[in-house]
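Participant:
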Amino acid sequence: MTRLIVVGAGISGLTTAVRLQEAGFDVSIYARELPQDTTSAVAAAIWFPYAVKPVQAANRWSAESYLAFEQLSQQPGTGVSMTDFLVLTRPGLDNSWREELPEGAVRLARPEELPAGYEMGYLARVPLAETQQYLPYLLERFRESGGSLQQKAVTDLRQLFQEADGVVNCAGLGASLLCQDETLYPIRGQVVKVQKQPGARSMVDSMDKGKLAYIIERSDSIILGGTDYDHDYNTSPTPEDTRVILDRCAQLQPALSQPAVIAAAAGLRPKRPSIRCEREPDQPVVHNYGHGGAGFTVSWGCAEEVVRIIRRVFIRLDARG
Ligand SMILES: Cc1cc2nc3c(=O)[nH]c(=O)nc-3n(C[C@H](O)[C@H](O)[C@H](O)COP(=O)(O)OP(=O)(O)OC[C@H]3O[C@@H](n4cnc5c(N)ncnc54)[C@H](O)[C@@H]3O)c2cc1C
Numbered sequence: 002m003t004r005l006i007v008v009g010a011g012i013s014g015l016t017t018a019v020r021l022q023e024a025g026f027d028v029s030i031y032a033r034e035l036p037q038d039t040t041s042a043v044a045a046a047i048w049f050p051y052a053v054k055p056v057q058a059a060n061r062w063s064a065e066s067y068l069a070f071e072q073l074s075q076q077p078g079t080g081v082s083m084t085d086f087l088v089l090t091r092p093g094l095d096n097s098w099r100e101e102l103p104e105g106a107v108r109l110a111r112p113e114e115l116p117a118g119y120e121m122g123y124l125a126r127v128p129l130a131e132t133q134q135y136l137p138y139l140l141e142r143f144r145e146s147g148g149s150l151q152q153k154a155v156t157d158l159r160q161l162f163q164e165a166d167g168v169v170n171c172a173g174l175g176a177s178l179l180c181q182d183e184t185l186y187p188i189r190g191q192v193v194k195v196q197k198q199p200g201a202r203s204m205v206d207s208m209d210k211g212k213l214a215y216i217i218e219r220s221d222s223i224i225l226g227g228t229d230y231d232h233d234y235n236t237s238p239t240p241e242d243t244r245v246i247l248d249r250c251a252q253l254q255p256a257l258s259q260p261a262v263i264a265a266a267a268g269l270r271p272k273r274p275s276i277r278c279e280r281e282p283d284q285p286v287v288h289n290y291g292h293g294g295a296g297f298t299v300s301w302g303c304a305e306e307v308v309r310i311i312r313r314v315f316i317r318l319d320a321r322g
């Protein structure tokens, strides 16, 4: 059986490992941080292709993921549900994310459904993954099928060829060192978890850099965001950002003006001019990183792409040898 090592145990590594396993490969995960300590654990984790390119491929991967998440939402214990989500926008902005969604999943919002001061929005029915439940669910699914996760830092992907036939690099921001990728950088984001309040509606305004605001209702709390600081490596939440986030969300939804704060967290979105989901030339290495603010949104589509690439790699190697 072809043996593969997936580097990384965030959303990209876990999803890719699960899909490779299901495709018949013998898969192990090596990761410096365990799932609960990754950027993925901080994410609001709603389906929305934010800050991710190339647009066309990201829309395709997002649409594939949408269907996979929709199925998961019908199974108990996954932490995935379907929720109503208002995407605020204006004419002239790229809203092509909605074009590949299933029929009936999205419609133009009526004026009375928009917050004060907004002229346009799309109301979509989208997947939401509650990370504290969804990441353990994925890990458990991987382990139950015989997969193992080892906590260790990898310094050179090629060294792993001594232990495996192929390597899949899902190291998120860690890929900048592993592949000397200077195009990869963090967009720091903070979220604030607050107690549930009646009447809260999930929505996002991601129209302008530096003014990101979103409200995501979970089963036990509400996640408020956000910030989008380029090249900022600070993973500690700050009280200043908590204030900024609470103010922006109160503007979006005045009912949320005095929420009881439970916790705050910050994470580094792994941003690149475009997602890197491709093979390293002439090596049995496939990269899957640089998902920006949409790692959950594209996760199943990118994992499927990795499976397609890996199959081609090993069919060719088998034919040669
Ligand atoms: C505040 C915030 C809100 C977000 N909201 C959303 C959202 O609503 N929807 C959405 O789709 N996305 C969202 N995102 C984006 C999403 O979180 C990221 O795109 C995603 O987490 C990236 O996942 P990843 O698995 O590629 O990387 P990570 O989660 O960072 O995982 C990387 C893994 O690689 C390991 N690693 C790195 N280097 C090495 C090494 N040298 N050796 C071994 N292991 C290594 C790490 O330890 C870790 O296990 C949000 C992000 C933030 C910060």
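Convert by adding 1 to the 1-based position in the sequence shown; the result is the number in the numbering used here.
Ideal placement from N, C-alpha and C gives every residue a C-beta, glycine not left out.
From a predicted model like this one, the values you see are computed outputs, not experimental measurements.
#1: What ranges does the beta strand (DSSP E) occupy inside the region 120 to 152, keeping only unbroken runs of at least 3 residues that lie completely in it?
#2: State the CB to CB distance for the pair Arg20 and Glu305, rounded to an integer number of angstroms; the pair is presumed to be in contact (CB under 8 Å).
#3: Which residues share a DSSP beta bridge with Ile6?
#4: How would you label Thr39, buried or exposed, when you count the other beta carbons within 10 angstroms and need 16 or more for buried?
#5: Should Asp206 be labelled buried (16 or more other beta-carbon atoms within 10 Å of its own) or exposed?
#6: To the nearest angstrom, how far is it from the Cα of Thr243 to the Cα of Gly226?
#7: Spatial neighbours of Asp27 within its chain, please: CB distance less than 6 Å, with the 5 preceding and 5 following residues excluded, ordered by chain position.
#8: Applying the 10 Å Cβ sphere with the 16-neighbour rule, what's the burial state of Lys147?
#9: Could you compute how far the alpha carbon of Lys210 sits from the alpha carbon of Ile316?
#10: Could you tell me the boundaries of the alpha helix (DSSP H) in which Arg270 lies?
#11: Look up Arg277 in the DSSP assignment and give the residues it is bridged to.
#12: Is the beta carbon of Val193 less than 9 Å from the beta carbon of Ala265?
#13: May I have the straight-line CA-CA distance separating Asp182 from Glu104, to the nearest angstrom?
#14: Return yes when at least one heavy atom of ligand 1 lies under 8 Å from the C-beta of Glu305, else no.
#15: Measuring straight from C-alpha to C-alpha, what distance separates Leu15 and Val53?
#16: Starting from Gln191, follow the beta strand (DSSP E) in both directions and report where the run begins and ends.
#17: Using only the heavy atoms of ligand 2, determine whether one of them is closer than 8 Å to the beta carbon of Gly80.
#18: Nearest to Arg312 by alpha carbon, out of Val8, Leu35 and Gly167?
#19: What does the alpha-carbon distance come out to for the pair Ala256 and Ser222?
#20: Could you tell me the distance, in whole angstroms, from the CA atom of Glu131 to the CA atom of Arg33?
#21: Going by beta-carbon coordinates alone, are Ser13 and Thr298 separated by less than 9 Å?
#22: Looking at Ile30: is its Cβ nearer than 9 Å to the Cβ of Val7?
#23: I need the boundaries of the beta strand (DSSP E) containing Val205, first residue and last residue.
Facilitator: This is what the structure holds:
#1: 121 to 130 and 149 to 152
#2: Residue numbering aside, residue 20 sits at position 19 when the sequence shown is read from its first letter. Residue numbering aside, residue 305 sits at position 304 when the sequence shown is read from its first letter. The Cβ separation is near 6 Å, so the contact holds.
#3: The residue given as residue 6 occupies position 5 in the sequence shown. Looking at the DSSP assignment, Ile6 forms a beta bridge with Ser29 and Val168.
#4: As a position in the sequence shown, residue 39 is number 38, starting the count at 1. Counting Cβ neighbours within 10 Å, Thr39 comes out buried, since at least 16 surround it.
#5: Reading the sequence shown from its first residue, position 205 is the one you call residue 206. Buried, by the Cβ-count rule.
#6: By 1-based counting over the sequence shown, the position of residue 243 is 242. By 1-based counting over the sequence shown, the position of residue 226 is 225. Within the model, the alpha-carbon separation for Thr243 versus Gly226 is close to 9 Å.
#7: Here residue 27 corresponds to residue number 26 of the sequence shown, with the count starting at 1. Cβ within range, chain order: Met2 and Arg4.
#8: On the sequence shown, position 146 is the one that residue 147 refers to. Checking the sequence, you will find Gly at residue 147 rather than Lys. By the 10 Å Cβ count, Gly147 comes out exposed.
#9: Within the sequence shown, the letter at position 209 stands for residue 210. Within the sequence shown, the letter at position 315 stands for residue 316. Their backbone Cα atoms lie some 44 Å apart in a straight line.
#10: By one-based count along the sequence shown, residue 270 stands at place 269. Here Arg270 belongs to no alpha helix (DSSP H); instead the beta strand (DSSP E) covers Val262 to Lys272.
#11: In the sequence shown, counting from the first residue as 1, residue 277 sits at position 276. Looking at the DSSP output, Arg277 bridges to Tyr290.
#12: Counting from 1 along the sequence shown, the entry for residue 193 is found at position 192. Counting from 1 along the sequence shown, the entry for residue 265 is found at position 264. Closer than 9 Å, so yes.
#13: Within the sequence shown, residue 182 is the residue found at index 181, counting from 1. Within the sequence shown, residue 104 is the residue found at index 103, counting from 1. Inter-residue distance for Asp182 and Glu104 is about 39 Å (C-alpha atoms, whole angstroms).
#14: The residue labelled residue 305 in the question sits at position 304 within the sequence shown. Because no heavy atom of ligand 1 lies under 8 Å away, the Cβ of Glu305 does not count as near it: no.
#15: Counting from 1 along the sequence shown, the entry for residue 15 is found at position 14. Counting from 1 along the sequence shown, the entry for residue 53 is found at position 52. If you take the alpha carbons of Leu15 and Val53, they lie about 20 Å apart.
#16: Translated into positions along the sequence shown, residue 191 becomes position 190. First-last of the beta strand (DSSP E) with Gln191: Tyr186 to Val195.
#17: In the structure shown, ligand 2 is absent; the only ligands present are ligand 1.
#18: On the sequence shown, residue 312 is found 311 positions in, with the first residue counted as 1. The residue with the shortest Cα to Cα distance from Arg312 is Gly167.
#19: Looking up residue 256 in the sequence shown gives position 255. Looking up residue 222 in the sequence shown gives position 221. Going by the C-alpha atoms only, they are around 15 Å apart.
#20: In the sequence shown, counting from the first residue as 1, residue 131 sits at position 130. In the sequence shown, counting from the first residue as 1, residue 33 sits at position 32. Answer to the nearest angstrom: the Cα atoms are 23 Å apart.
#21: Taking the first residue of the sequence shown as position 1, residue 13 is located at position 12. Taking the first residue of the sequence shown as position 1, residue 298 is located at position 297. Going by C-beta atoms, Ser13 is not nearer than 9 Å to Thr298.
#22: By one-based count along the sequence shown, residue 30 stands at place 29. By one-based count along the sequence shown, residue 7 stands at place 6. In contact: Ile30 and Val7 (Cβ atoms closer than 9 Å).
#23: Taking the first residue of the sequence shown as 1, we reach residue 205 at position 204. Its beta strand (DSSP E) spans residues Met204 to Asp206.
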